[in-house]
Amino acid sequence: MHTADLLDYLDGLLAPGQFKDYAPNGLQVEGTGTVSHLVAGVTASQALIDAAIERNADALLVHHGYFWRNESSPLVGIKKNRIKALLAHDINL
Numbered sequence: 012m013h014t015a016d017l018l019d020y021l022d023g024l025l026a027p028g029q030f031k032d033y034a035p036n037g038l039q040v041e042g043t044g045t046v047s048h049l050v051a052g053v054t055a056s057q058a059l060i061d062a063a064i065e066r067n068a069d070a071l072l073v074h075h076g077y078f079w080r081n082e083s084s085p086l087v088g089i090k091k092n093r094i095k096a097l098l099a100h101d102i103n104l
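Quick note, my numbering runs 11 ahead of the 1-based positions in the sequence shown.
So, in structure tokens, the structure goes:
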């Protein structure tokens, strides 16, 4: 499935625009343009990313992503390592 089609499906199913949230919903890190294997979890932890890599996942679907409103934006430390792993393996978040 094309990543754009998956995003459209999830937007229709979950209707994120209908909720006021402290975090931006939707795609946070762009990976491959085609998704054939998706891993889901609550938080985009390093353990979940590692599991997705082991399973050759193309996308992670999580409740808690990485970017929050009014949060410091530098990609350093833990956040840098997680983003680096996603990008290195072309995984959508």
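All C-beta atoms, glycine included, are put in the ideal place defined by N, C-alpha and C.
Just so we're clear, the structure is a prediction, and the values are computed from it rather than from any experiment.
How long is the line joining the alpha carbons of W79 and P35, rounded to whole angstroms?
The count along the sequence shown starts at 1 and reaches residue 79 at position 68. The count along the sequence shown starts at 1 and reaches residue 35 at position 24. W79 and P35: Cα-Cα distance of roughly 7 Å.
Quick check on A99: does DSSP put it in helix, strand or coil?
Taking the sequence shown and counting its residues from 1, the one referred to as residue 99 is at position 88. If DSSP states are grouped into helix, strand and coil, A99 belongs with the helices.
Can you give me the Cβ contacts of G76 inside the same chain, cut-off strictly under 7 Å, excluding the 5 residues immediately before and after it?
Counted from its first residue, the sequence shown places residue 76 at position 65. A34, Q39, A55, L104, listed in sequence order.
In this structure, how does DSSP classify A58 when only helix, strand and coil are distinguished?
In the sequence shown, the residue the question calls residue 58 occupies position 47. A58: helix per DSSP, three-state reduction.
May I ask which residues mark the beginning and end of the beta strand (DSSP E) holding L17?
As a first step, residue 17 is located in the sequence shown; it is residue number 6 there, counting from the start. According to the DSSP assignment, L17 belongs to no beta strand (DSSP E) but to the alpha helix (DSSP H) extending over 14-25.
With DSSP run on the structure shown, which of helix, strand or coil describes G52?
Walking along the sequence shown from the start, residue 52 turns up at place 41. Three-state result, G52: strand.
If we ignore side chains and look at the alpha-carbon of each, how far apart do P27 and G37 end up?
Position 16 of the sequence shown, counted from the start, is the residue given in the question as residue 27. Position 26 of the sequence shown, counted from the start, is the residue given in the question as residue 37. C-alpha separation (whole angstroms): 8 Å.
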